[in-house]
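Engineer: All letters in the sequence shown, in the order written, are residues 265 to 511 by the numbering used here. Every residue, glycine too, gets a C-beta built ideally from N, C-alpha and C.
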Amino acid sequence: MEQGLQGKTALVTAAGAGIGRASAEALAARGAQVIATDIDGDAVADLAAGSDRITAHRLDVLDADAVRALVDAQVRIDVLVNCAGWVHDGTILDCDEAVWDRSFDLNGKALFRLTKAVLPGMLKAGSGSIVNIASVVSSLKGAPRRFAYGASKAAIIGMTKSIAADFVKDGIRCNAICPGTVQSPSLEDRLRATGDFDKALAAFKDRQPMGRLGQPEEIAEMVCYLASDLAAFTTGQAFAIDGGWST
Numbered sequence: 265m266e267q268g269l270q271g272k273t274a275l276v277t278a279a280g281a282g283i284g285r286a287s288a289e290a291l292a293a294r295g296a297q298v299i300a301t302d303i304d305g306d307a308v309a310d311l312a313a314g315s316d317r318i319t320a321h322r323l324d325v326l327d328a329d330a331v332r333a334l335v336d337a338q339v340r341i342d343v344l345v346n347c348a349g350w351v352h353d354g355t356i357l358d359c360d361e362a363v364w365d366r367s368f369d370l371n372g373k374a375l376f377r378l379t380k381a382v383l384p385g386m387l388k389a390g391s392g393s394i395v396n397i398a399s400v401v402s403s404l405k406g407a408p409r410r411f412a413y414g415a416s417k418a419a420i421i422g423m424t425k426s427i428a429a430d431f432v433k434d435g436i437r438c439n440a441i442c443p444g445t446v447q448s449p450s451l452e453d454r455l456r457a458t459g460d461f462d463k464a465l466a467a468f469k470d471r472q473p474m475g476r477l478g479q480p481e482e483i484a485e486m487v488c489y490l491a492s493d494l495a496a497f498t499t500g501q502a503f504a505i506d507g508g509w510s511t
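1) Between G406 and A429, what straight-line distance do the alpha-carbon atoms span, to the nearest angstrom?
2) At which residue ranges does the stretch 361-397 contain complete alpha helix (DSSP H) runs of 4 or more residues, listed in the order of the chain?
3) Less than 7 Å between the beta carbons of D316 and V308, yes or no?
4) Enumerate, from N- to C-terminal direction, the unbroken alpha helix (DSSP H) stretches of 4 or more residues contained entirely within the stretch 297-340.
5) Between the stretch 379-386 and the stretch 406-418, do three or more beta carbon pairs fall short of 8 Å?
6) From S510, T499, Y489 and A502, pick the residue whose C-alpha is nearest to that of Q270; which is it?
7) Within this structure, are the beta carbons of G349 and G444 separated by less than 7 Å?
8) Which residues bound the alpha helix (DSSP H) around C347?
9) How would you write the range of the beta strand (DSSP E) that P480 sits in, first residue to last?
10) By how many angstroms is the C-alpha of K463 removed from the C-alpha of L334?
11) Could you say if the stretch 445-452 and the stretch 475-484 meet the contact criterion of at least three C-beta pairs nearer than 8 Å?
12) For G372, which residues of its own chain have a beta-carbon under 7 Å away from its beta-carbon, when the five flanking residues on both sides are left out?
13) To which residues of the same chain is D304 closer than 7 Å at the C-beta, ignoring the five residues directly before and after it?
14) Cβ of I427 within 7 Å of Cβ of F503?
15) Distance check for Q472 and W509, CA to CA, integer angstroms please.
16) Does the beta-carbon of D234 have 16 or more other beta-carbons within 10 angstroms, so that it is buried, or is it exposed?
17) If we ignore side chains and look at the alpha-carbon of each, how far apart do R294 and S287 end up?
18) Starting from the C-beta of G284, find all residues in its chain whose C-beta is less than 6 Å away, skip the five residues before and the five after it, and write them out in chain order.
19) Using a Cβ-Cβ cutoff of less than 6 Å, which residues in the same chain neighbour M265 once the five nearest sequence positions on both sides are dropped?
20) May I have the straight-line CA-CA distance separating S393 from A496, to the nearest angstrom?
21) Whole angstroms are fine: how far does the CA of A374 sit from the CA of D365?
22) For T511, list the residues DSSP reports as bridge partners.
23) Grouping DSSP H, G and I as helix and E and B as strand, with all else coil, what is F497?
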């Protein structure tokens, strides 16, 4: 199962939990060396302790100097997986400028920052794959009370297509994955915050035509494919993995 990733180095953000963690584990299992980053340093340290192919780095993706220092310290980065993100619950009327700025800072500017830092090295090497975690709640589909989130995730799809178009002749591929609702610690925190975990969980499941939540490992499989040489003819695409929600 190492075809297409053996010998590559992948940097994964938000690798402490959820899709980021599953992606880091899956990439390492398929032969990549993984630079696992997260603002929760203990979480990625725990992840790295279980694999000789994963190194852990505490990283705040909102800290431009820290991002630059980490990237500059690497010999090469063949794959960038942008997983960091934040979900705001609310309509446009619940969204003040601070919420808007945080949504775009974490969901959009962090991706811009990481990609801009990593891309020159990829261009020098003549190859690279960038995989962005967007959402089906974006330009693909609207969802109640996801105004700032949907807008910022739509921006990810726009950036993905622009990067792909600009560097398609330089050996660089850039794709986005658009998950539906995926089981994760952050989702569970939001469900508990409603005051009725079971009712909120049932509501999330009900909006998925398959009647269940996605699992991080299911998204990680697509991450590995897009990161690998098996997807060498694929760029500029937004792949919905959403249990049929956007059908």
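Structural biologist: A quick look at the data gives this:
1) As a working note, residue 406 is residue 142 in the sequence shown. As a working note, residue 429 is residue 165 in the sequence shown. Those two C-alpha atoms are separated by around 26 Å.
2) 361-368 and 374-389
3) As a first step, residue 316 must be located in the sequence shown, where it is residue number 52. As a first step, residue 308 must be located in the sequence shown, where it is residue number 44. In this structure, V308 does not lie closer than 7 Å to D316 by Cβ.
4) 305-313 and 328-336
5) no
6) Numbered from 1 along the sequence shown, position 6 holds the residue referred to as residue 270. If we check each option's Cα against that of Q270, Y489 comes out closest.
7) To locate residue 349, count along the sequence shown from 1; it is residue 85. To locate residue 444, count along the sequence shown from 1; it is residue 180. Not closer than 7 Å, so no.
8) Taking the sequence shown and counting its residues from 1, the one referred to as residue 347 is at position 83. No alpha helix (DSSP H) contains C347, which DSSP labels as neither H nor E.
9) Taking the first residue of the sequence shown as position 1, residue 480 is located at position 216. Careful: P480 lies outside any beta strand (DSSP E), inside the alpha helix (DSSP H) at P480 to A491.
10) Reading the sequence shown from its first residue, position 70 is the one you call residue 334. Reading the sequence shown from its first residue, position 199 is the one you call residue 463. Each residue's alpha carbon lies about 42 Å from the other.
11) yes
12) Start at 1 with the first residue of the sequence shown, and residue 372 comes out as number 108. Excluding positions up to five away in sequence, the list reads S416, A419 and I420.
13) Within the sequence shown, numbered from 1, the residue matching residue 304 stands at position 40. Around D304: G280.
14) As a working note, residue 427 is residue 163 in the sequence shown. As a working note, residue 503 is residue 239 in the sequence shown. For I427 and F503, no; Cβs fall outside 7 Å.
15) Counting from one through the sequence shown, the residue named residue 509 turns up at place 245. Counting from one through the sequence shown, the residue named residue 472 turns up at place 208. Distance between the alpha carbons of W509 and Q472 is about 5 Å.
16) Given that the chain is displayed from residue 265 to residue 511, the structure contains no residue 234 and the question cannot be resolved.
17) As a working mapping, residue 294 is identified with position 30 in the sequence shown. As a working mapping, residue 287 is identified with position 23 in the sequence shown. Going from the Cα of R294 to the Cα of S287 covers about 11 Å.
18) Your numbering for residue 284 matches position 20 in the sequence shown. Within the same chain, G284 has close Cβ partners V276, A278 and C347.
19) Within the sequence shown, the letter at position 1 stands for residue 265. Residue placement at M265 cannot be trusted, given a pLDDT of 44 that sits under 50; the coordinates are not used to answer.
20) For the purposes of this step, residue 393 is taken as the residue at position 129 of the sequence shown. For the purposes of this step, residue 496 is taken as the residue at position 232 of the sequence shown. The straight-line gap from Cα to Cα measures roughly 9 Å.
21) Reading the sequence shown from its first residue, position 101 is the one you call residue 365. Reading the sequence shown from its first residue, position 110 is the one you call residue 374. Straight-line Cα distance between these residues: approximately 12 Å.
22) In the sequence shown, the residue the question calls residue 511 occupies position 247. DSSP output for T511 lists no bridge partner at all.
23) On the sequence shown, residue 497 is found 233 positions in, with the first residue counted as 1. F497: coil per DSSP, three-state reduction.
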